[in-house]
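Novice: Shown below is the structure under consideration.
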Amino acid sequence: MSRREAQPHRHQRRTSVGASREFVTGLLAEWQLHTLIEDIRLCVSELATNALLHGVPPGREFSVALHRVEDQVRLEVRDSGPGQPNVQQAADDACSGRGLHLVRALADDFGVDDHVVGKTVWLIFKTAPATAPLP
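No gaps in the numbering here: position 47 of the sequence shown is 46 in numbering that gives the first Met the number 0, and each next residue is one more.
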């Protein structure tokens, strides 16, 4: 497998939304993907918040992973809770219920992988084709 086909990634357990934002910001900066930082920071905030509010049973954590392959970055947020995220139609005066709309608008693809315990919500963000070998 050549370096360009390799899958550099990092997988971290996270207990807070802020730590998740710091993790993706640092890794995207390391990968020199500065144009994706704001969108992925917003998306990890939304997915991590959903994991904490709806997916993580008390006493458990969630995890955040970033994978970079060729011309895309995959963001994953895994939790151990049951159920699927639902895109809702929020009332005009509601203070919540719009996060997955934002996530789906910013990402190039969106999905959920079920596990025996829990699920992984993932997003794909396209990048410019790599001109240098991946780290």
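Every residue gets a Cβ at the ideal spot worked out from N, C-alpha and C, and that includes glycine.
Just so it is clear, the structure is predicted and the values come from calculations on it, not from any experiment.
Quick one: what does DSSP say Ala127 is sitting in, helix, strand or coil?
Specialist: Reduced to three states, the DSSP call for Ala127 is coil.
Novice: Residues bridged to Pro52 by DSSP?
Specialist: Here residue 52 turns out to be Leu, not Pro, going by the sequence shown. Leu52 pairs with nothing; no bridge assigned.
Novice: Do Thr119 and Glu75 have their beta-carbon atoms positioned less than 9 Å apart in this structure?
Specialist: Cβ distance < 9 Å, so Glu75 and Thr119 count as in contact.
Novice: Please state if the CB of Trp30 and the CB of Arg67 are separated by a distance shorter than 9 Å.
Specialist: It is a contact, given that the beta carbons lie within the stated cut-off.
Novice: Flag this pair as yes or no: are the beta carbons of Thr126 and Asp70 separated by less than 9 Å?
Specialist: The answer is yes: Cβ separation under 9 Å.
Novice: Give the DSSP-derived three-state secondary structure of Asp70 in the structure shown.
Specialist: Three-state DSSP puts Asp70 in coil, outside helix and strand.
Novice: Taking 8 Å as the line, does the beta carbon of Ser19 fall inside it for any heavy atom of the ligand ZN?
Specialist: Ligands displayed in this structure: none; no statement on the ligand ZN is therefore possible.
Novice: Taking the straight line between their C-alpha atoms, what separation do you get for Gly82 and Thr34?
Specialist: Roughly 33 Å between the two C-alpha positions.
Novice: Pick helix, strand or coil for Val115, following the three-state DSSP scheme.
Specialist: Of the three classes helix, strand and coil, the one that applies to Val115 here is coil, per DSSP.
Novice: If distances are taken between C-alpha atoms only, which option among Leu26, Thr24, Leu122 comes closest to Val102?
Specialist: Here the closest residue by C-alpha is Leu122.
Novice: Output needed for Ala106: all residues of its chain with C-beta closer than 7 Å, excluding positions within five of it in sequence on either side, in chain order.
Specialist: Cβ within range, chain order: Cys42, Leu122, Ile123, Phe124.
Novice: Closest to Pro84 by CA distance: which of Gly17, Ile36, Ala104, Leu52 is it?
Specialist: Closest option to Pro84, Cα to Cα, is Leu52.
Novice: Going by alpha carbons, who is nearest to Arg59 out of Gly80, Glu45, His100, Phe109?
Specialist: Nearest option by C-alpha distance: Gly80.
Novice: From what residue to what residue does the alpha helix (DSSP H) around Leu26 run?
Specialist: Where Leu26 is concerned, the enclosing alpha helix (DSSP H) stretches over 16 to 29.
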